[in-house]
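Peer 1:
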Amino acid sequence: MLKRTAIYEEHVRAGGRIVEFGGWEMPVQYTGLLDEHLACRAAAGLFDVSHMGEVHAEGRDAEGFVNHLVANNVAKLSVEQALYTPMCNDEGGIVDDLLVYRRAPDRFLLVINASNTDKDFAWMQKILARERARFSDVRLTNESPSYSQIAVQGRNAAKILQPLVNADLSAIKYYWFKEGTVLGNVPAIISQTGYTGEYGFEVYLPWHKGADLWRALMDAGKPHGLKPCGLGARDTLRFEMRFPLYGHELLDNTNPLEAGIEWTVKLAKGDFVGRTPTASLKERGLARKLVGLKVTGRGIPRPGYPLYSPDGAMRLGEITSGTHSPSLNLPLGIGYVTLPHAADGARVLIEIRGTKIPAEIIPTPFYKRPY
Amino acid sequence: MMRFPADYKYSKDHEWAHAQGNTVTVGVTDHAQRALGDIVFVELPPVGRVLKQGETFGVVESIKAVSDLFSPVTGKVIEVNTGLPDDPAQINKSPHTGAWLIKMELADPSTLDGLMSAGDYSKYVESLG
Numbered sequence: 332m333l334k335r336t337a338i339y340e341e342h343v344r345a346g347g348r349i350v351e352f353g354g355w356e357m358p359v360q361y362t363g364l365l366d367e368h369l370a371c372r373a374a375a376g377l378f379d380v381s382h383m384g385e386v387h388a389e390g391r392d393a394e395g396f397v398n399h400l401v402a403n404n405v406a407k408l409s410v411e412q413a414l415y416t417p418m419c420n421d422e423g424g425i426v427d428d429l430l431v432y433r434r435a436p437d438r439f440l441l442v443i444n445a446s447n448t449d450k451d452f453a454w455m456q457k458i459l460a461r462e463r464a465r466f467s468d469v470r471l472t473n474e475s476p477s478y479s480q481i482a483v484q485g486r487n488a489a490k491i492l493q494p495l496v497n498a499d500l501s502a503i504k505y506y507w508f509k510e511g512t513v514l515g516n517v518p519a520i521i522s523q524t525g526y527t528g529e530y531g532f533e534v535y536l537p538w539h540k541g542a543d544l545w546r547a548l549m550d551a552g553k554p555h556g557l558k559p560c561g562l563g564a565r566d567t568l569r570f571e572m573r574f575p576l577y578g579h580e581l582l583d584n585t586n587p588l589e590a591g592i593e594w595t596v597k598l599a600k601g602d603f604v605g606r607t608p609t610a611s612l613k614e615r616g617l618a619r620k621l622v623g624l625k626v627t628g629r630g631i632p633r634p635g636y637p638l639y640s641p642d643g644a645m646r647l648g649e650i651t652s653g654t655h656s657p658s659l660n661l662p663l664g665i666g667y668v669t670l671p672h673a674a675d676g677a678r679v680l681i682e683i684r685g686t687k688i689p690a691e692i693i694p695t696p697f698y699k700r701p702y
Numbered sequence: 096m097m098r099f100p101a102d103y104k105y106s107k108d109h110e111w112a113h114a115q116g117n118t119v120t121v122g123v124t125d126h127a128q129r130a131l132g133d134i135v136f137v138e139l140p141p142v143g144r145v146l147k148q149g150e151t152f153g154v155v156e157s158i159k160a161v162s163d164l165f166s167p168v169t170g171k172v173i174e175v176n177t178g179l180p181d182d183p184a185q186i187n188k189s190p191h192t193g194a195w196l197i198k199m200e201l202a203d204p205s206t207l208d209g210l211m212s213a214g215d216y217s218k219y220v221e222s223l224g
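As you go down the protein sequences, you meet chains A and Y in turn.
Residue numbers for the first sequence follow our numbering, beginning at 332 and rising by one.
Residue numbers for the second sequence follow our numbering, beginning at 96 and rising by one.
1) Rounded to whole angstroms, what is the Cα-Cα separation between Thr362 of chain A and Gly347 of chain A?
2) Leaving out five residues before and five after Asp543 of chain A in sequence, what residues of the same chain have Cβ atoms less than 8 Å from its Cβ?
3) Name, going along the chain, the residues of the region 618-645 of chain A whose beta-carbon falls closer than 9 Å to a beta-carbon of chain Y.
4) Listed from N- to C-terminal order along the chain, which residues in the region 159-182 of chain Y have their beta-carbon within a distance smaller than 7 Å of any beta-carbon of chain A?
5) What residue does the alpha helix (DSSP H) around Gly563 of chain A start on, and which one ends it?
6) Could you tell me which chain Y residues have their CB closer than 7 Å to the CB of Pro657 of chain A, listed as they occur along the chain?
7) To the nearest angstrom, report how far apart Asp125 of chain Y and Gly578 of chain A are at their CA atoms.
8) For Ser381 of chain A, verify whether its CB is less than 6 Å away from any heavy atom of the ligand SAH.
9) With 16 as the cutoff for other CB atoms within 10 Å, does His539 of chain A come out buried or exposed?
10) Which value, in whole angstroms, describes the spacing of the CA atoms of Phe99 of chain Y and Gly224 of chain Y?
11) Determine the chain A residues that contact Phe136 of chain Y at a beta-carbon separation under 7 Å, and present them in chain order.
12) What whole-angstrom Cβ distance do Arg678 of chain A and Glu691 of chain A have, given they're in contact under 8 Å?
13) Taking 7 Å as the CB-CB cut-off, is Asp125 of chain Y touching chain A?
14) Could you tell me whether the Cβ of Asp215 of chain Y comes closer than 7 Å to any Cβ of chain A?
15) Just mark Lys553 of chain A as buried or exposed, buried being the case when its beta carbon has 16 or more other beta carbons within 10 Å.
16) Report, in whole angstroms, the separation of the C-beta atoms of Ile425 of chain A and Asp583 of chain A, which I expect to be a contact under 8 Å.
17) On a CA-only basis, which of Y:Ile197, Y:Val137, Y:Lys159 is nearest Val175 of chain Y? Give me that one, please.
18) Please go through the region 335-419 of chain A and give each complete beta strand (DSSP E) segment of 3 or more residues, from N-terminal end onward.
19) Report, in whole angstroms, the separation of the C-beta atoms of Ile158 of chain Y and Asp181 of chain Y, which I expect to be a contact under 8 Å.
20) In the DSSP assignment, find the beta strand (DSSP E) that holds Ser475 of chain A and state where it starts and stops.
21) Counting along the chain, where does the beta strand (DSSP E) carrying Ser157 of chain Y start and finish?
22) In the DSSP output, which residue or residues are listed as bridge partners for Gln115 of chain Y?
23) Could you list the residues in the region 105-124 of chain Y with a C-beta less than 7 Å from some C-beta on chain A, going in chain order?
24) Return the CA-CA distance between Leu146 of chain Y and Gly170 of chain Y, expressed in angstroms with no decimal places.
25) Use the C-beta contact count for Ser166 of chain Y: other C-beta atoms within 10 angstroms, 16 or more gives buried, fewer gives exposed.
26) Determine which residues of the region 561-583 of chain A have a Cβ less than 8 Å from any Cβ of chain Y, and write them out in chain order.
27) Counting only the same chain and skipping the five closest in sequence on each side, list residues whose C-beta sits under 7 Å from that of Val596 of chain A.
28) Going by DSSP, which residues form a beta bridge with Gln523 of chain A?
29) Buried or exposed, going by whether 16 or more other CB atoms sit within 10 Å of the CB of Tyr636 of chain A?
30) At least one CB of chain Y closer than 7 Å to the CB of Gly363 of chain A: is that the case?
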């Protein structure tokens, strides 16, 4: 049985084309992917991300437990601060990537991918059971059904959201948040986060208030060029930033050091799940890494397309995400390439429907916001 | 409601075929371009290629999806819309007219006769939901 967010009816009313995604019925686009993508880059985009999962970790040992669970350093978080982190398995592969919000010294909110919610929660419970002796005072609850989550992304995000919230948005720094209210008296978490590469905010609020906030934002956004954006634009926006996506760049057999998110791996913080294999990979040296690719021939890279050396003799890896970039109007890809063939400027071939097409490794992000 | 030209024939792969004498012009339907979304790439066959009905003759790609093109009839490619690869978005704008893909010389008229009428195709699209 597919799930629907509290905002589902609004998507249908707005002409959203509904598709199945990670067990949810979600809009893939409304007016058109290109239109929505460019609106978010030029003005603002509105995203229903209520399908994301939310887990509470609370108690005296919550900090220690969450810090053991993820690769980034949760102990450094202040109250009202958030971070992005992978959660590794015992082999150093990735179970999921998530956001950790510190709501109080002993209260954390973990935001996980929709399609991984059940798997992640089971994993967290397993790790907690395994480490109970060290982390005796932790309550772990899957609160996903309690939350709606809406993202307002783009340079006009604050102008649109500010009239609807009690917190001063200009005082919320990147990856910080406030606990306040929206729509007068609805409790909400408002963070300066998002996965588009634009300035913007994400709002967490009680599930049943999701549609009210969505409608209010659609109205408030009209004079500011706001468009509702589906999963299609969400994917191309994150792609242009080379932000990794679980199931594409991040898998249970990819290590965060390879995936271009080595900055999230804090080997010096002490033990955490997946630390030993990750430290040993770092010592041995990586065998491959995630790179950005620009097609110099004709064709669009797509997930799974093989990558070869310029003479076509050696297989170097494969594309994990690829599309025609709406902002740059170019066919671009990201993929894993064997070292030492992964340097910027290096040439490779992408096999597209049986033909090897030339491409060049280029620096990422592909897109940089101009403000 | 989508409208499909009454004098065209349609395949279940969402290509249209417009016969004038022995020449058949081929394109993708309005339904197909809508389903694909913003089209950013098209690859067409060389003139002279002989195609069987149902055979792949090229590809169209939107930002999100890749879709093969299937020949609606059996015959030989005699002309290609060479402007299309430089402006694939034409397929979104005028799928039934300006953005034709190829012209074919019909080799087997029975392949044309077996295609759907505009009315039948319209019902077929409805049935897909």
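A virtual CB, placed ideally from N, CA and C, is assigned to each residue, including glycine.
Peer 2: So, from the listed chains and residues:
1) 8 Å
2) Leu514, Val517
3) Arg629, Gly630, Ile631, Arg633
4) Lys159, Val161
5) 562-571
6) Ile158
7) 32 Å
8) With respect to the ligand SAH, the structure shown offers nothing to examine, as it has no ligands at all.
9) exposed
10) 17 Å
11) Ile631, His655
12) 6 Å
13) no
14) no
15) exposed
16) 6 Å
17) Y:Ile197
18) 348-352, 355-360, 375-379, 384-389, 412-419
19) Not a contact, Cβ separation roughly 17 Å.
20) First-last for Ser475 of chain A: undefined, no H or E at that position.
21) 151-157
22) Y:Thr118
23) none
24) 6 Å
25) buried
26) Gly563, Asp566, Thr567
27) Ala402, Pro587, Leu588, Thr609
28) A:Tyr505
29) buried
30) yes
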